[in-house]
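Colleague: In our numbering, the protein residues as written are 15 to 245.
1) On the criterion of 16 or more Cβ atoms from any shown chain inside 10 Å, does residue 159 qualify as buried, or is it exposed?
2) Does the region 169-188 come within contact of the region 225-233, defined as at least 3 CB pairs closer than 8 angstroms?
3) Around the C-beta of residue 99, are 16 or more other C-beta atoms found within 10 angstroms, so that it is buried, or is it exposed?
4) Closest to residue 2 by C-alpha separation, out of 203, 24 and 146, would be which residue?
5) Use the C-beta contact count for residue 125: other C-beta atoms within 10 angstroms, 16 or more gives buried, fewer gives exposed.
6) What runs of the alpha helix (DSSP H), each 4 residues or longer, lie entirely inside the region 156-224?
7) I need the straight-line Cα distance from residue 235 to residue 168, nearest angstrom please.
8) Using the three-state DSSP reduction, which class does residue 141 fall into: helix, strand or coil?
9) Could you work out which residue in 206, 211 and 237 is closest to residue 25 when comparing CA atoms only?
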């Protein structure tokens, strides 16, 4: 995949850039806040892993503050209302799964889908970011891999008993990711982030996560296809 780079003429302080950045940055801040709250909820559902999950939750809160600083650096007000709507479907599905005590479904939404979405976005953003945001994002993405790993390990350890729940959560939530990517395509392009690169990186991260859990290549191809037609 060709490495994207910030164009030398990218004006990080232009009205066009800052307008698009207000929504992208809002999404990132809200995503970290969602993750912070989701890991607290998971800590209640998995008391034997409470300390680990609360540690992940605190890391997500730090990430949020880092991205808030990125907005201040460009004198941008994050569009958090847009961001809350952006995450509304995944948020609702997580809450409903938690209410039904479906730990595996919650981990699919937070530790697989949201983390893989974040890793893909950060990987594509880092080469095209302003210097301040690049440093922040490089630190964050290292942490996100450890969060993804928590979900992978728990789901792998319980694979036989949760396989059907994971497949059902995938069917329900993966199509939402493609809608989210479509919704953010124009703003991402202003930031020199191509949708095709985001889709490719997400598919790689998500496929590897499913493989680590225990799904076969055939399973992964089938699971990854849900909702992709609309992308």
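Even glycine gets a Cβ: it sits at the ideal position worked out from N, Cα and C.
Modeller: Considering the structure as presented:
1) exposed
2) yes
3) exposed
4) Residue coverage of the chain in this structure runs from 15 to 245, which leaves residue 2 outside it and unanswerable.
5) buried
6) 173-204
7) 22 angstroms
8) helix
9) 206
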